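Single-structure report; data block below.
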Amino acid sequence: MSSYQNQTFSMIKDLRADRVVADIQLDGCVIDNCTLSYYQANGSRSVVRNVKISNSQFVGCQLGPARVEDVEITKCKANDLVIAWGTVFSRVKLTGNIFPLKINTLVEFSASAQTQSLYGRSREEFYRSVDWALDLSEARLMSFDSTGIPGRLFRLDPETQGIVQRSKLDSGWEGRIPASNPWLPWIYNMLSTTDEDVVLAAPLAKPKAQRDKYIAGLQELKSLGFVGDTSS
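Structure below.
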């Protein structure tokens, strides 16, 4: 494994989605305005495999529909929300304070319906053969939102994270959850997709008052029977 410490990587652009990034360890590095796996009409994906990144910062980067496998990210930050556009994950572990992360099924707003469908089919096929996708159990996230990854493929901390399944939302569910519950936007968003569940991860990296609000909201959903873990 090649190791890099306290280095800056700038303006690396993977516009053809034909890279394999493997066997690399970064510590204390800055990844600045880099693009990985820009979407392609043929549905190709760059691959990131066996990579460890710690104590590093992402600045203005774009992550497209790459295949990310056997990766560890520890105590990393970003200058803004990190959006994974159509990225698929296998055995990826996040640990410590982590940047805000949003995982989309869309590969890009400008992608054609045919291209989006191609990536969508490959994503579904990929997750049928994965034992687990993302381990958030030791992560202190600024925020987390994910679509397209089945809840059963997450490893979670049952005290601060959980899963709401579509099947538990019967015709009267809205009347049983207080309007003040902070997780309602996540539930409504899941219902606007074809996903069968949504992962809720309290933003533990935020100030105490904010994270406590989300933890209390999660406990409220659990007490009402709406939240379970990956085994439920």
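1 is the number of the first residue of the sequence shown in the numbering used here; add one for each residue after it. Ideal placement from N, C-alpha and C gives every residue a C-beta, glycine not left out. Given the structure is predicted, the values throughout are model-derived calculations rather than measurements.
{"Query": "Ser231 in three-state terms, based on DSSP", "Result": "Any reading at Ser231 needs caution, since the residue's pLDDT is 45, under 50, leaving its predicted position unreliable; the model's value is listed next. Note: Ser231 maps to coil in three-state DSSP."}
{"Query": "Same chain, Cβ closer than 8 Å to Arg140, neighbours up to 5 away in sequence not counted", "Result": "Gly96, Asn97, Ile98, Leu204, Ala205"}
{"Query": "Proximity to Asn181 [Cα-Cα], best of Glu159, Ile215, Val199, Arg49", "Result": "Ile215"}
{"Query": "Assigned exposure category for Ala179 - 16 Cβ within 10 Å defines buried", "Result": "exposed"}
{"Query": "Pairwise C-alpha distance: Arg176 and Asn55", "Result": "42 Å"}
{"Query": "Tyr39 to Val21 span [Cα, whole Å]", "Result": "17 Å"}
{"Query": "Close Cβ partners of Thr74 (< 6 Å) along its chain, the five nearest in sequence each way excluded", "Result": "Ser54, Thr95, Gly96"}
{"Query": "Environment of Met11 [buried if 16+ CB atoms lie within 10 Å]", "Result": "exposed"}
{"Query": "Inter-residue Cα distance where the pair is Val47 and Ala84", "Result": "14 Å"}
{"Query": "The stretch 97 to 115 touching the stretch 129 to 146, judged by at least three CB pairs closer than 8 Å", "Result": "yes"}
{"Query": "Three or more C-beta pairs below 8 Å linking the stretch 187 to 206 and the stretch 163 to 171", "Result": "yes"}
{"Query": "Integer-rounded CB distance, given that Trp183 should sit under 8 Å from Gly217", "Result": "5 Å"}
{"Query": "DSSP three-state assignment for Leu218, whether helix, strand or coil", "Result": "helix"}
{"Query": "Extent of the continuous beta strand (DSSP E) run through Phe144", "Result": "144 to 146"}
{"Query": "Between the CA atoms of Asp27 and Gln5 - distance to the nearest angstrom", "Result": "5 Å"}
{"Query": "Glu138 beta carbon near the ligand SAM (any heavy atom closer than 7 Å)", "Result": "No copy of the ligand SAM occurs in the structure displayed, which carries no ligand at all."}
{"Query": "Short Cβ contact (8 Å threshold) for Leu156 with Asp229", "Result": "yes"}
{"Query": "Nonlocal neighbours in the same chain, by C-beta distance under 7 Å from Arg211, ignoring five residues either side", "Result": "Ala202, Pro203, Leu204"}
{"Query": "Spatially closest choice to Met1 from Lys52, Val227, Arg121, Val30, by CA coordinates", "Result": "Lys52"}
{"Query": "Rounded C-alpha distance that separates Pro65 from Ser112", "Result": "14 Å"}
{"Query": "Selected residue, minimal CA-CA separation from Asp32, among Thr8, Leu15, Ser44, Ala17", "Result": "Thr8"}
{"Query": "Cβ pair Asp18, Thr35 closer than 8 Å", "Result": "no"}
{"Query": "Nearest-angstrom Cβ-Cβ length linking Leu63 and Val82, presumed shorter than 8 Å", "Result": "7 Å"}
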